[in-house]
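A.B. asks:
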Ligand SMILES: C[S@@+](CC[C@H](N)C(=O)[O-])C[C@H]1O[C@@H](n2cnc3c(N)ncnc32)[C@H](O)[C@@H]1O
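Structure below.
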């Protein structure tokens with residue numbers, strides 16, 4: 001098998017040996033520590049202004065009953081706002097059990113399903129039905145390994161319904177090179193389009209400067225894609 005031709009089902013096999021269980025355990029602990037050791041509103045990605053994301057969600061025109069999956073949701077207040085705005089079918093998934101515990105303790109479980117899983121080596125996520133909207137803010141850019149990126153984009157391709165939407169909000173080309181002590185890969189809208197592939201059409205995109213609780217600026221690229229009804 002060629003170096004870059006693994007599938008999700010190959011994860012952990014010798015062709016994917018760079019990605020072992022240790023790495024996953026360490027990363028889970030890293031993110032659990034981040035959520036355990038800080039007040040939520042002091043986290044370097046905590047948002048008081050959700051307007052760029054809400055603008056793109058509104059552009060989808062989705063019904064309130066649509067299934068929305070927030071990938072690497074952490075304990076984001078976006079979920080509180082979606083529920084307040086009457087969205088009733090939300091999945092939050094993250095590597096960090098601590099983050100998802102904090103989130104569900106805050107918003108309850110009536111409209112929210114929490115799934116602890118690794119987006120680059122999913123187990124339970126493989127079993128979910130296709131979703132209408134996939135949201136990722138500040139998660140994909142941590143996948144610096146090309147194989148992890150491929151697994152993740154394959155998962156998105158599998159789990160977004162035809163005609164469904166994907167919002168990717170990542171550090172842009174002027175963005176920081178690290179976040180939470182980890183290296184990141186920075187993106188342009190063209191690079192995100194290329195990674196998502198021919199089944200997705202770019203609907204909207206803009207640059208946005210997020211201000212961290214410390215006051216430092218973090219430039220992001222926000223993108224909204226729609227999955228074609230006829231896919232290749
Ligand atoms: C910078 S935080 C962003 C959290 C949230 N999206 C937000 O905007 O507030 C990155 C999140 O990605 C999660 N994460 C990192 N690697 C992951 C992986 N391989 N699978 C699932 N979640 C992951 C972390 O636990 C963390 O909650």
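Residue numbers (the numbering used here): 1 to 232.
Think of the CB as a built atom: it goes at the ideal place given N, C-alpha and C, for glycine as much as any other residue.
#1: Rounded C-beta distance between residue 167 and residue 56? I'm assuming under 8 Å.
#2: Consider the C-beta atom of residue 186 and the heavy atoms of ligand 1; say whether any pair is separated by less than 7 Å.
#3: Would you mind reading off the limits of the alpha helix (DSSP H) that contains residue 160?
#4: Run through the region 62 to 89 for me and flag every whole beta strand (DSSP E) of 3 or more residues, listed as ranges in chain order.
#5: So, helix, strand or coil for residue 189, using DSSP?
#6: Should residue 217 go down as buried or exposed, given a rule of 16 or more other Cβ atoms within 10 Å for buried?
#7: Ignore the nearest five residues each way along the sequence and tell me which others in residue 141's own chain have a CB closer than 7 Å to its CB.
#8: If you follow the beta strand (DSSP E) that residue 227 is part of, which residue opens it and which one closes it?
#9: Can you tell which of 77, 137, 119 has its C-alpha closest to the C-alpha of residue 234?
#10: Please name the residue or residues paired with residue 60 in a DSSP beta bridge.
#11: Can you give me the C-alpha to C-alpha distance between residue 70 and residue 93, rounded to a whole angstrom?
#12: Tell whether a beta-carbon distance below 8 Å holds between residue 67 and residue 131.
#13: For ligand 1, is there a heavy atom less than 7 Å away from the beta-carbon of residue 66?
#14: Measure how close the beta-carbons of residue 41 and residue 102 come, nearest whole angstrom, since I'm counting them as under 8 Å.
#15: On the CB-based measure, 16 or more other CB atoms within 10 Å of its CB, does residue 175 come out buried or exposed?
#16: Going by DSSP in three states, residue 54 sits in which element: helix, strand or coil?
#17: Run through the DSSP bridge pairs and tell me what residue 137 is partnered with.
#18: Here's a check: name, in chain order, each residue in its chain whose Cβ is nearer than 8 Å to the Cβ of residue 79, leaving out the five neighbours to either side.
#19: Pop quiz: residue 100 and residue 116 are said to be a contact at Cβ under 8 Å. What is the actual Cβ separation, rounded to whole angstroms?
#20: Please state if the CB of residue 205 and the CB of residue 220 are separated by a distance shorter than 8 Å.
C.D. replies: The relevant details are as follows:
#1: Their Cβ separation, rounded to whole angstroms, is 5 Å, which keeps residue 167 and residue 56 in contact under 8 Å.
#2: Placement of the Cβ of residue 186 at a distance of 7 Å or more from every heavy atom of ligand 1 is found.
#3: DSSP places residue 160 outside any alpha helix (DSSP H); the residue lies instead in the beta strand (DSSP E), whose first and last residues are 160 to 171.
#4: Here the runs fully enclosed are 67 to 71.
#5: Looking at residue 189 - three-state DSSP - the assignment turns out to be helix.
#6: Answer is exposed; the Cβ neighbour count stays below 16.
#7: Take residue 141, set aside five residues on each side of it, and the residues of its chain with a beta-carbon closer than 7 Å to its own are 170, 171, 184, 185, 186, 187, in chain order.
#8: Residues 217 to 227.
#9: It is not possible to answer for residue 234, since the shown part of the chain is limited to 1 through 232.
#10: None; residue 60 has no bridge partner.
#11: Just so you know, the alpha carbons of residue 70 and residue 93 end up roughly 6 Å apart.
#12: It is a contact, given that the beta carbons lie within the stated cut-off.
#13: Residue 66 Cβ: outside cutoff for every heavy atom of ligand 1.
#14: That pair is no contact at about 12 Å.
#15: Burial state of residue 175 is buried, judged by a 10 Å Cβ sphere holding 16 or more other Cβ atoms.
#16: Three-state DSSP puts residue 54 in a helix.
#17: Looking at the DSSP assignment, residue 137 forms a beta bridge with 169.
#18: Beyond the five residues adjoining it in sequence on each side, residue 79 comes within less than 8 Å, by CB distance, of 70, 73, 90, 92, 103, 107, 112 in the same chain, given in chain order.
#19: Contact holds; Cβ gap of about 6 Å.
#20: No, the pair does not count as a contact, with Cβ atoms beyond the cut-off.
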